[in-house]
Amino acid sequence: MKDEEISSQEQVFDQILDLRFNYSQNEALEYALQFTEFHDVLMISYTMGELAVELDDYELAIKILSNLIDQSYIQENGWFLDCAYILRSYSYAKIGMVAEARSDMNQEIIQ
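So the sequence shown is residues 0 to 110, counted in numbering that gives the first Met the number 0.
1) At which residues does the alpha helix (DSSP H) containing Glu75 begin and terminate?
2) Taking its Cβ as the centre, do 16 or more other Cβ atoms sit within 10 Å of Asp103, making it buried, or is it exposed?
3) Please report the residue range of the alpha helix (DSSP H) in which Met104 lies.
4) I need the straight-line Cα distance from Tyr57 to Leu86, nearest angstrom please.
5) Thinking C-beta only, is Ala83 closer than 9 angstroms to Leu50?
6) Please classify Ala98 as buried or exposed, where buried requires at least 16 neighbouring CB atoms within 10 angstroms.
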């Protein structure tokens, strides 16, 4: 990864975190959505999933986290995979989809 790409990526994450921690979750989510194709898809997808949950938009969270799960398998990234399953399970449970929530909690994660 080039130095300017790293710097730019850090700036994107800094802006997302600044918005998020200043209680502007909607703006943080909208900002993050602009960069899903250009930066670390796993980290941005995870952050967007968290933001959607914080905003009680569980359907959006499930959609984002499902994509994160797919991408985590492709990249063999167990950390994001674990986090995505837990957060998606929570989202399923919040909208009454108990079977799906339990299924996510029973997934075997790559090592």
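Virtual Cβ for every residue (Gly too), placed ideally from N, Cα, C.
Quick caveat: nothing in here was measured; it's all calculated off a predicted structure.
Considering the structure as presented:
1) In the sequence shown, counting from the first residue as 1, residue 75 sits at position 76. Where Glu75 is concerned, there is no enclosing alpha helix (DSSP H), given that its DSSP letter is neither H nor E.
2) In the sequence shown, residue 103 corresponds to position 104, counting from 1. Classification for Asp103: buried.
3) As a position in the sequence shown, residue 104 is number 105, starting the count at 1. Boundaries of the alpha helix (DSSP H) harbouring Met104: Val97 to Met104, taken from the DSSP string.
4) Translated into positions along the sequence shown, residue 57 becomes position 58. Translated into positions along the sequence shown, residue 86 becomes position 87. Taking the straight line joining both Cα atoms gives about 10 angstroms.
5) Mapped onto the sequence shown, residue 50 falls at position 51. Mapped onto the sequence shown, residue 83 falls at position 84. Result no, Cβ atoms of Leu50 and Ala83 do not sit closer than 9 angstroms.
6) To locate residue 98, count along the sequence shown from 1; it is residue 99. By the 10 Å Cβ count, Ala98 comes out exposed.
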